[in-house]
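Participant: Just so we're aligned: 479 in our numbering is position 475 of the sequence shown, and the numbers increase by one with no gaps anywhere.
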Amino acid sequence: MQKKHLRNPVFIISATVITILVIIGAFFPKGFGAVAEKLFLFTTTNFGWFYLIAVFIVILFLIGLAISKFGKIRLGGEDERPEFPFFTWIGMLFSAGFGAGLVFWGVAEPMSHFFDTPFGDIENQTEEAARVAMGYSFFHWGISQWAIFAIVGLVIAFIQFRKKDRALISKAMEPVTGKNKFVINGIDSFAVIATVMGVATSIGLGVLQINGGLTAVSNLSNSIWIQLAIIVFVFAAYMTSATTGLDKGIRHLSNLNLGLCLLLLVFVFIMGPTVFILNAFTLGIGDYISGFIQYSLRLEPYVGGTWVRDWTVFYWAWAIAWSPFVGAFVARVSRGRTIREFIAGVMVIPPVIACFWIAAFGGTALYKDLNENAGIAEAVNNDITVALFSVFETLPMSSIMSVLAILLIVTFLITSADSATFILGSMTTGGRSNPPVFQKLVWGVLISAIAGVLLLAGGLDALQTASLVAAVPFTVILLIMLAAFFQMLKKEPIPISKRDIKRYRRIEKASEKLAEKEKKKENKT
Numbered sequence: 005m006q007k008k009h010l011r012n013p014v015f016i017i018s019a020t021v022i023t024i025l026v027i028i029g030a031f032f033p034k035g036f037g038a039v040a041e042k043l044f045l046f047t048t049t050n051f052g053w054f055y056l057i058a059v060f061i062v063i064l065f066l067i068g069l070a071i072s073k074f075g076k077i078r079l080g081g082e083d084e085r086p087e088f089p090f091f092t093w094i095g096m097l098f099s100a101g102f103g104a105g106l107v108f109w110g111v112a113e114p115m116s117h118f119f120d121t122p123f124g125d126i127e128n129q130t131e132e133a134a135r136v137a138m139g140y141s142f143f144h145w146g147i148s149q150w151a152i153f154a155i156v157g158l159v160i161a162f163i164q165f166r167k168k169d170r171a172l173i174s175k176a177m178e179p180v181t182g183k184n185k186f187v188i189n190g191i192d193s194f195a196v197i198a199t200v201m202g203v204a205t206s207i208g209l210g211v212l213q214i215n216g217g218l219t220a221v222s223n224l225s226n227s228i229w230i231q232l233a234i235i236v237f238v239f240a241a242y243m244t245s246a247t248t249g250l251d252k253g254i255r256h257l258s259n260l261n262l263g264l265c266l267l268l269l270v271f272v273f274i275m276g277p278t279v280f281i282l283n284a285f286t287l288g289i290g291d292y293i294s295g296f297i298q299y300s301l302r303l304e305p306y307v308g309g310t311w312v313r314d315w316t317v318f319y320w321a322w323a324i325a326w327s328p329f330v331g332a333f334v335a336r337v338s339r340g341r342t343i344r345e346f347i348a349g350v351m352v353i354p355p356v357i358a359c360f361w362i363a364a365f366g367g368t369a370l371y372k373d374l375n376e377n378a379g380i381a382e383a384v385n386n387d388i389t390v391a392l393f394s395v396f397e398t399l400p401m402s403s404i405m406s407v408l409a410i411l412l413i414v415t416f417l418i419t420s421a422d423s424a425t426f427i428l429g430s431m432t433t434g435g436r437s438n439p440p441v442f443q444k445l446v447w448g449v450l451i452s453a454i455a456g457v458l459l460l461a462g463g464l465d466a467l468q469t470a471s472l473v474a475a476v477p478f479t480v481i482l483l484i485m486l487a488a489f490f491q492m493l494k495k496e497p498i499p500i501s502k503r504d505i506k507r508y509r510r511i512e513k514a515s516e517k518l519a520e521k522e523k524k525k526e527n528k529t
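#1: Is it the case that the stretch 135 to 142 contacts the stretch 326 to 340, given that we only count it when at least three CB pairs across the two stretches are under 8 Å?
#2: Report back the beta-carbon spacing between Ser235 and Gly456 to the nearest angstrom; my notes put them in contact at under 8 Å.
#3: Could you give the uninterrupted runs of the alpha helix (DSSP H) lying entirely in the stretch 307 to 361, keeping only those of 4 residues or more?
#4: Indicate whether Met405 and Phe271 have their beta-carbon atoms separated by less than 8 Å.
#5: Quick check: the Cα distance between Arg341 and Leu79, rounded to an integer number of angstroms?
#6: Considering Asp83, what are the terminal residues of the alpha helix (DSSP H) in which it resides?
#7: Is the separation between the beta-carbon of Gly331 and that of Phe153 shorter than 8 Å?
#8: Between Glu127 and Ala133, what straight-line distance do the alpha-carbon atoms span, to the nearest angstrom?
#9: Comparing C-alpha positions only, which one of Thr286, Leu158, Trp320 sits nearest to Ala475?
#10: Considering only DSSP beta bridges, list what Arg534 is partnered with.
#11: Among residues of its own chain, excluding the 5 on either side of Phe478, which ones have a beta-carbon nearer than 8 Å to its beta-carbon?
#12: Can you tell me the Cα-Cα spacing of Lys444 and Met431, whole angstroms?
#13: Cβ atoms of Ala369 and Ala284: under 8 Å apart, would you say?
#14: Using CA atoms only, rank isn't needed, just tell me which of Glu345, Pro114, Pro122 is closest to Arg85.
#15: Tell me whether Arg530 sits in a helix, a strand or coil according to DSSP, three-state version.
#16: Starting from Ala151 and walking both ways along the alpha helix (DSSP H), at which residues does that stretch end?
#17: Once DSSP output is grouped into helix, strand and coil, what is the label at Asn377?
#18: Would the beta-carbon of Tyr3 fall within 8 Å of that of Phe280?
#19: Roughly how many whole angstroms lie between the Cα atoms of Thr181 and Ile484?
#20: For Met115, count the other beta carbons within 10 Å of its own beta carbon; 16 or more makes it buried, fewer makes it exposed. Which is it?
#21: If I follow the unbroken alpha helix (DSSP H) through Lys444, where does it start and stop?
#22: Can the beta-carbon of Gly379 be found less than 8 Å from the beta-carbon of Asp387?
#23: Along the chain, where does the alpha helix (DSSP H) that runs through Met431 open and close?
#24: Helix or strand or just coil, what does DSSP make of Lys495?
#25: Within 10 angstroms of the Cβ of Leu267, are there 16 or more other Cβ atoms? Answer buried if so, exposed if not.
#26: For Glu131, which three-state DSSP category applies?
#27: In angstroms, rounded to a whole number, what distance separates the CA positions of Val111 and Ile293?
#28: Quick one: what does DSSP say Glu41 is sitting in, helix, strand or coil?
#29: How should Trp109 be labelled, buried or exposed, when 16 other C-beta atoms within 10 angstroms of its C-beta is the threshold for buried?
#30: Cutting at 6 Å between CB atoms, please list the residues of its own chain near Gln6, excluding the five before and the five after it.
#31: For Thr469 versus Phe123, is the C-beta distance shorter than 8 Å?
#32: Would DSSP call Pro122 helix, strand or coil?
#33: Does the Cβ of Gln231 have 16 or more other Cβ atoms within 10 Å, making it buried, or fewer, making it exposed?
#34: Please report the residue range of the alpha helix (DSSP H) in which Ser193 lies.
#35: What is the DSSP secondary structure of Ala171, counted as helix, strand or coil?
#36: Could you pull out every residue in the same chain whose Cβ sits closer than 6 Å to the Cβ of Asn259, ignoring the five residues on either side in sequence?
Here is the structure:
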């Protein structure tokens, strides 16, 4: 059985491509970084519009699906109910989705926009700049990213639990692409490569932040060798967790992640400027809603700027690269929910938590800079990895909170990487629900190796570039998937709700009574 999986074309193609990239990056890091930069400029300059339109289409499709008759369809049998409790489900979604990324950017993004605003006519580091910074940060971490995860997860869950078929991206596209083996293997290989690059980006960002945190709480230097050592430690930890299975390792780590998140969130909310945080959250939500369409389709063709490319396009590409993994994982933990419950849960609850996180941490940083001249924005501009820890320095118990934050980032990375090895193992063994440990080990090694290579090749810039390049072909796949999924739904019988059954029974009884009356009239005549 093991040899059979090793001969899987998807495993051979994707593992070979990633291995070649690792070797080139390890031996020629500067050249690797230069080529990656050229690819970055090519994709963002020529395909930025494509990312924005694709994500907007996905959002409209999911909203329409949720309010349509198809929302009643259950991801599983009609009598099935959710496998995991609500709190655990949300914890798993949050951890796998973008937990480590949010911890990294929760302070770094609003302070970056505050220091250098998204609009040229707004003065930097002013009250207006702070407001725009918060609204734009909400936009980047709101429903748009989660819509990408939701559509992939929804399609895979439908195929796996409703149609009882293999949980593969190619299976979701068969109504459009057919069953050509070359096409099927190519699609699944693209999905695997995009996933590896997306996960490696997140691990690299987390490692940079851990190193920044260790620098903030100790005299440890910020160097590539320490970052590589952190990668080795995280690798050992998530491979240990990966051997325990989904119901043990990932489940417990997800609950720990959510618990630590809530602890830090409550601490900052209480010890920080509480009323300011609530006001910033409320105003930020309003600005997010009112500017949603403008931000979703905003580009800069007339001024030649790069801000949208560096932020919005990067985020959408990163989410698309992540989506095969996050979608497959979200599908795996969402069995038994209806399509409407799934879309509402995935697209609303994690984004609301994310926005409140940004309001608490980013809002505290903005308040300290506006009212106490704390200099956090300047510190973030100098070293983006210390953003979160710069906020803790302005609050009581800063050392303890910084240590807890480092622990949270570590557990987020372990959970994400653990989940990713599980999903990659499944994707390269024909969609097995419990992939072999060997497959997980191979992908664990390759994910860690590509993260290390990207850090060697150029740090944060190289990490961002990797996601963008890997996401271009998968964006096309994503749009084809929408059409294929809609074709599948049209053939699916719509379940009848209990309310509809009661209404039909009332109509039936009324019809019977009317028929009896007509019959009595006929008998009298």
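We put the beta carbon where it would ideally sit given N, CA and C, even for glycine. Note that the coordinates shown come from a computational prediction; the quantities given were computed from them, not determined experimentally.
Facilitator: Let's see:
#1: no
#2: Translated into the one-based positions of the sequence shown, residue 235 becomes position 231. Translated into the one-based positions of the sequence shown, residue 456 becomes position 452. What sits at residue 235 in the sequence shown is Ile, not Ser. Correct: roughly 5 Å between the Cβ atoms.
#3: Within the stretch 307 to 361, the complete alpha helix (DSSP H) runs of at least 4 residues fall at 318 to 336.
#4: The residue given as residue 405 occupies position 401 in the sequence shown. The residue given as residue 271 occupies position 267 in the sequence shown. Contact: yes.
#5: Taking the sequence shown and counting its residues from 1, one reaches residue 341 at position 337. Taking the sequence shown and counting its residues from 1, one reaches residue 79 at position 75. Taking the straight line joining both Cα atoms gives about 6 Å.
#6: Position 79 of the sequence shown holds residue 83. It is not in any alpha helix (DSSP H) - Asp83 carries neither H nor E in the DSSP assignment.
#7: Locating residue 331 in the sequence shown gives position 327, counting from the first residue. Locating residue 153 in the sequence shown gives position 149, counting from the first residue. Closer than 8 Å, so yes.
#8: To locate residue 127, count along the sequence shown from 1; it is residue 123. To locate residue 133, count along the sequence shown from 1; it is residue 129. Cα-Cα distance, rounded: 7 Å.
#9: Against the sequence shown, residue 475 aligns to sequence position 471. Comparing Cα positions, the closest option is Trp320.
#10: No answer is possible for residue 534: it lies beyond the span of the chain, which begins at 5 and ends at 529.
#11: Here residue 478 refers to the residue found at position 474 when the sequence shown is read from its first residue. Closer than 8 Å at Cβ, skipping near neighbours: Phe194, Ala195, Ala198, Ile324, Ala325, Ser327, Pro328.
#12: Translated into the one-based positions of the sequence shown, residue 444 becomes position 440. Translated into the one-based positions of the sequence shown, residue 431 becomes position 427. Distance between the alpha carbons of Lys444 and Met431 is about 11 Å.
#13: Counting from 1 along the sequence shown, the entry for residue 284 is found at position 280. Counting from 1 along the sequence shown, the entry for residue 369 is found at position 365. No. Outside cutoff.
#14: If you number the sequence shown from 1, residue 85 lands on position 81. The shortest C-alpha to C-alpha distance from Arg85 to any of Glu345, Pro114, Pro122 is the one to Glu345.
#15: A query on residue 530 cannot be resolved here, the shown segment of the chain reaching from 5 to 529 and no further.
#16: Counting from one through the sequence shown, the residue named residue 151 turns up at place 147. Run containing Ala151: 147 to 161, per the alpha helix (DSSP H) assignment.
#17: As a first step, residue 377 is located in the sequence shown; it is residue number 373 there, counting from the start. Three-state DSSP puts Asn377 in coil, outside helix and strand.
#18: Shown here, the chain extends from 5 to 529; a query on residue 3 therefore has no answer.
#19: Residue numbering aside, residue 181 sits at position 177 when the sequence shown is read from its first letter. Residue numbering aside, residue 484 sits at position 480 when the sequence shown is read from its first letter. Cα-Cα distance, rounded: 9 Å.
#20: Along the sequence shown, read from residue 1 onward, the residue named residue 115 stands at position 111. By the 10 Å Cβ count, Met115 comes out buried.
#21: As a first step, residue 444 is located in the sequence shown; it is residue number 440 there, counting from the start. Here the alpha helix (DSSP H) through Lys444 covers 441 to 462.
#22: One-based indexing of the sequence shown puts residue 379 at position 375. One-based indexing of the sequence shown puts residue 387 at position 383. The answer is no: Cβ separation not under 8 Å.
#23: In the sequence shown, the residue the question calls residue 431 occupies position 427. Residues 402 to 431.
#24: Looking up residue 495 in the sequence shown gives position 491. DSSP places Lys495 in coil when its eight states are reduced to three.
#25: Reading the sequence shown from its first residue, position 263 is the one you call residue 267. It counts as exposed.
#26: Within the sequence shown, the letter at position 127 stands for residue 131. If DSSP states are grouped into helix, strand and coil, Glu131 belongs with the helices.
#27: Stepping through the sequence shown from its first residue, residue 111 is reached at position 107. Stepping through the sequence shown from its first residue, residue 293 is reached at position 289. Distance between the alpha carbons of Val111 and Ile293: 21 Å.
#28: For the purposes of this step, residue 41 is taken as residue 37 along the sequence shown, with counting starting at 1. Note: Glu41 maps to helix in three-state DSSP.
#29: Residue 109 sits at position 105 when you count from the first residue of the sequence shown. Per the 10 Å Cβ criterion, buried.
#30: Taking the sequence shown and counting its residues from 1, the one referred to as residue 6 is at position 2. Confidence at Gln6 is low in this model, with a pLDDT of 49, below 50, so the placement of that residue is unreliable and no value is reported for it.
#31: Locating residue 469 in the sequence shown gives position 465, where the first residue counts as 1. Locating residue 123 in the sequence shown gives position 119, where the first residue counts as 1. It is not a contact, given that the beta carbons lie outside the stated cut-off.
#32: For this step, residue 122 is matched to residue 118 along the sequence shown. Residue state, collapsed to three classes: coil.
#33: Position 227 of the sequence shown, counted from the start, is the residue given in the question as residue 231. Buried: at least 16 other Cβ atoms inside 10 Å.
#34: For the purposes of this step, residue 193 is identified with residue 189 of the sequence shown, where counting begins at 1. It spans 185 to 221 - the alpha helix (DSSP H) in which Ser193 sits, taken as one unbroken run.
#35: The residue given as residue 171 occupies position 167 in the sequence shown. If DSSP states are grouped into helix, strand and coil, Ala171 belongs with coil.
#36: Locating residue 259 in the sequence shown gives position 255, counting from the first residue. Close CB contacts of Asn259 within its chain, under the 6 Å cut and outside five residues either way in sequence, are with Gly95 (chain order).
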